[in-house]
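Here the structure is laid out as C-alpha cells; the discussion comes afterwards.
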Amino acid sequence: MALGSILFRIVRIPKLRVRLWKLAYEIFPKLLPDANWWFMNYGYEPSDAERKEFGTLDESQFQWRSRAMYHYLTARSSPAGKDLLEVGSGRGGGLRHVASTMAPKSATGLDFARSAIDFCHRSHKGIPVTYLEGDSMNMPFEDLSFDLVLNVESCHAYLDQAKFIAEVRRVLRPGGRLYLVDVRSLENWVLLRQWILDEGFTVEEDADVTANVIAALELDEPEKREIIKKRVPFWLRAVFMEFAGSIGSQLHERLKNGEIQYRRMVAAKAA
Ligand SMILES: C[S@@+](CC[C@H](N)C(=O)[O-])C[C@H]1O[C@@H](n2cnc3c(N)ncnc32)[C@H](O)[C@@H]1O
C-alpha cells in the first residue's frame, strides 16, 4: 500500500492521528531549524479581487504563499487595535506578519509543540508577539481575554474539536470573532459547523477556498521539492512529500477530486 494511503488511514483513527501530529510537529522544527522557515501551511494563491481589496505581498519572499494564507485571512478581520490570539501558531511567521503589518493591540500565539515555541523564541526576537506552549482544548487564558482568534490549518488535528470551540467562546469577548482556515472532508466540515453553532456563534462566512490552495500547492511544487531533496534525509522524503501536499500526494489528489475541501470560516460570538 502506498505511504500516502497508510498515513491517511492512520489519520482517520482519532487517537493515533493526534499522536502522529504531535510527533510530526515536535520533529519538524528539529529537522528544519532554518530561522527563515516560518510557516507550515499549504499556501494560498490570492485572486485578483483579493489582491485589489487587501493589497499584495512581496512575492519574492521565501514561503510568500504561506504568508498569504495569513494575510488574506486576517486582513478580513480588521485586527488593528484588537487583542489577537492564534491557536496552533506553529513556527510563528503568521503572527509575526500580522503584528508587523496590521497593528493589533496585542498578539499571542499558542501551540502544543514545545519545539515550535522554542523556535519562535529564537527566531522572532524583538517582534511584539507572545508565543506560549499550551493546548487548544484547555487554554491558559482568562475568560473574555481576546477580540479575535485565528486558527490556521490546525484544528483538524485536535482530539476534541467541540472542546476547542467551547474554549474559543470562553476566551473571546462579546462580539469577538473566530477566523479559521483548514482542510477536511465535507462531512467533517458539517460537524465542525454544528459545534460552532452549538456554542452560540453565528457563522458569518463559510467559503470553499480549495482552488486557491491547489493553485498554491502546484505553483510552489518545484521549490518545495528542491528543499526536501536538499534538506530531508532520503528515508524521510516520502513522508515530507505527503505532509507538504506535493503533486500526486494523497492530500493533493483528494483536494482535486473533492474528497476533502479547504475552507475559510468566520464565526461571531454574540455581542
Ligand atoms: C499545520 S501546522 C500550522 C502552523 C501554523 N498555523 C502555520 O500555518 O504555519 C499545525 C499546528 O497546530 C499545532 N497543534 C496541533 N494540535 C494542537 C493542540 N491540541 N493545541 C495547540 N496546538 C496544536 C501543531 O503543533 C502545529 O504547529
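376 is the number that the numbering used here gives to position 141 of the sequence shown; each next residue is one higher, with no gaps. Built from N, CA and C at the ideal position, the CB exists for glycine as well.
Taking the Cβ of Trp-272 as the reference point, every heavy atom of ligand 1 lies at 7 Å or farther away. In the DSSP assignment, the residues bridged to Leu-345 are Val-322, Leu-367.
Within 10 angstroms of the beta-carbon of Glu-388 lie 16 or more other beta-carbons, which makes it buried. Counting of Cβ neighbours within 10 angstroms places Gln-429 among the exposed residues, the total staying below 16. Its chain contains Asp-318, Val-406 as the residues whose beta carbon lies nearer than 7 Å to that of Ser-380, once the 5 sequence neighbours on both sides are disregarded; these appear in chain order. Looking at Leu-308, Tyr-307, Ser-350, Phe-274, the one whose alpha-carbon comes closest to that of Phe-297 is Phe-274.
Relative to the non-hydrogen atoms of ligand 1, the Cβ of Arg-331 never comes closer than 7 Å to any of them. In this structure, Ala-348 has its beta carbon less than 7 Å from a heavy atom of ligand 1.
In its chain, beyond the 5 residues on either side, Glu-368 have a beta carbon closer than 6 Å to the beta carbon of Arg-349.
For Leu-421, the enclosing alpha helix (DSSP H) begins and ends at 421 to 433.
In the DSSP assignment, Tyr-497 falls within the beta strand (DSSP E) that extends over 496 to 503. Closest option to Ile-431, judged by alpha-carbon separation, among Pro-281, Glu-402, Lys-459, Val-444: Glu-402.
Taking the CA atoms as reference points, Leu-345 sits about 14 Å from Pro-363. Distance from Asn-386 to Glu-280 at the Cβ level is roughly 21 Å; contact not present, criterion being Cβ atoms closer than 8 Å.
Here Arg-331 has Trp-273, His-359, Ile-362, Val-364 as same chain residues with Cβ atoms under 7 Å from its own Cβ, once five neighbours each way along the sequence are excluded.
Bounds of the alpha helix (DSSP H) holding Asn-447 are 445 to 466. Cα atoms of Met-374 and Phe-347: separation of roughly 10 Å, rounded to the nearest angstrom.
Approximately 5 Å separates the beta-carbon atoms of Val-418 and Tyr-497; this is inside 8 Å, confirming the contact. Around the beta-carbon of Asn-276, 16 or more other beta-carbon atoms lie within 10 Å, marking it buried. Relative to ligand 1, the beta carbon of Gly-325 is positioned inside 7 Å of a heavy atom.
Measuring C-alpha to C-alpha distances from Gly-323 to each of Leu-452, Leu-454, Pro-468, Asp-370 identifies Asp-370 as the nearest. The C-beta distance from Thr-343 to Leu-320 rounds to 5 Å, short enough to meet the 8 Å contact threshold. Take the alpha-carbon of Ser-295 and the one of Ala-451: they are about 14 Å apart.
Here Val-416 is near Leu-308, since their CB atoms are less than 8 Å apart. Exclusion of the five residues before and after Glu-440 leaves Val-501 as the residues of its chain whose Cβ lies within less than 6 Å of its Cβ. Ranked by how close their Cα comes to the Cα of Arg-499, the residues Leu-292, Arg-252, Thr-445, Arg-489 have Thr-445 in first place.
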